[in-house]
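Take a look at the structure set out below.
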Amino acid sequence: MGEGDSPIPHTSHLQLAETERTADFLYEMGLSAENLGKILTRWPTILSYSVEDNLRPMAEYFRSLGVHVALLLHRSPQTFGPSIEGNLKPVTKFFLERGYSMGDVATMISRYGTLYTYSLSENLILKWEFFLTMGYPKSKLIKFPQYFGYRLEECIIRRYAIVEESGVRLLCNQALYLSDGEFDKALKRKIKKNQGSRC
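Spelled out as C-alpha cells, the structure:
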C-alpha cells in the first residue's frame, strides 16, 4: 500500500461526524452513556437517521403527545424510523377516532412504542376489528397495547377460541403473552376455580 493510500474510506470522516451528531442528540434527550450503548447495540440503524430531518422532528412529535422521549428511545428506538406524516399521525388519528384520549395514546406508546411501526391496513385495523368481538372493554388496550404485536390467526384468534370453548374468562394479556404450556395451566386453574365456586 502506497503512502497516499488509506485503509479507511473517505466517507468514514463524514460517517463519524454523523454518528457524533446522533450521539449528542441522544444525550440531549436525556439518555445516559450506558443506555446509549444499549440503543446502538439493539438498533444500530438509528445512526443512519438524520438528526434534523428525522430524529428531532420525531422527538418533538412524541413530546407533543405527552410521551417521555428518552424512555421511548430506550425501550423502542425503532419507533423513530417511520415518517410522521405517513405513519405516526395516521396511527394517532386511528386511536383518537375510536374514542381514546391523547393521554391514552401517550400511555399506549410509552408501554409499547413498537405500536407505531405497524401498518394500519395490514395490522391495526384487522386486530382492532377482532378485538371488538372479544368482549373486552376498550380500556384493556391502554393497559395491554402489546395485543397488536401478536399474530392474528396463529395466536389471537386461536387462543381466544380455546378460551371461549372452555367457558371461562381470562384477562386479555393472560390469553396471549403466556407460553402454550403456561396458557394451558392458567386455563385449567381457572376452570377448576369456577367449578369449585359452583359447588
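Here the sequence shown stands for residues 3 to 201, numbered as in the numbering used here.
C-beta: ideal position from N, C-alpha, C; glycine also.
Computed from a prediction, not measured in an experiment: that's the story for all the values here.
Three-state class that DSSP yields for residue 150 in the structure shown
helix
Can you tell which of 128, 61 and 121 has the C-alpha that lies nearest to the C-alpha of residue 108?
61
Sorted by chain position, which residues of the same chain lie with C-beta nearer than 8 Å to residue 68's C-beta, five sequence neighbours on each side aside?
104, 105 and 108
Sequence ranges, alpha helix (DSSP H) only - wholly within the region 165-196, length at least 4
174-179
In the DSSP assignment, the alpha helix (DSSP H) including residue 67 goes from what residue to what residue?
From DSSP, residue 67 is part of no alpha helix (DSSP H); its letter is neither H nor E.
State whether the region 114-129 contacts the region 145-157, with contact taken as three or more CB pairs (one from each stretch) at a distance under 8 Å.
yes
Compare the beta carbon distance of residue 84 and residue 118 with 8 Å and say whether it is the shorter of the two.
yes
In this structure, does DSSP put residue 10 in helix, strand or coil?
Its pLDDT being 39, under 50, residue 10 is placed unreliably by the model, and nothing is read from it.
Between residue 162 and the rest of its own chain, which residues show a CB-CB distance below 7 Å, the 5 nearest in sequence each way excluded?
136 and 177
For residue 46, which option in 82, 142, 54 and 73 has the closest C-alpha, if you only look at C-alpha atoms?
82
Limits of the unbroken alpha helix (DSSP H) element including residue 93
91-98
Helix or strand or just coil, what does DSSP make of residue 118?
helix
Range covered by the alpha helix (DSSP H) that runs through residue 133:
127-133
Report the option in 122, 72, 79 and 75 whose CA atom is closest to the CA atom of residue 95.
122
Within the same chain, show all residues whose beta-carbon is closer than 8 Å to that of residue 58, passing over the 5 residues directly before and after it, in chain order.
27
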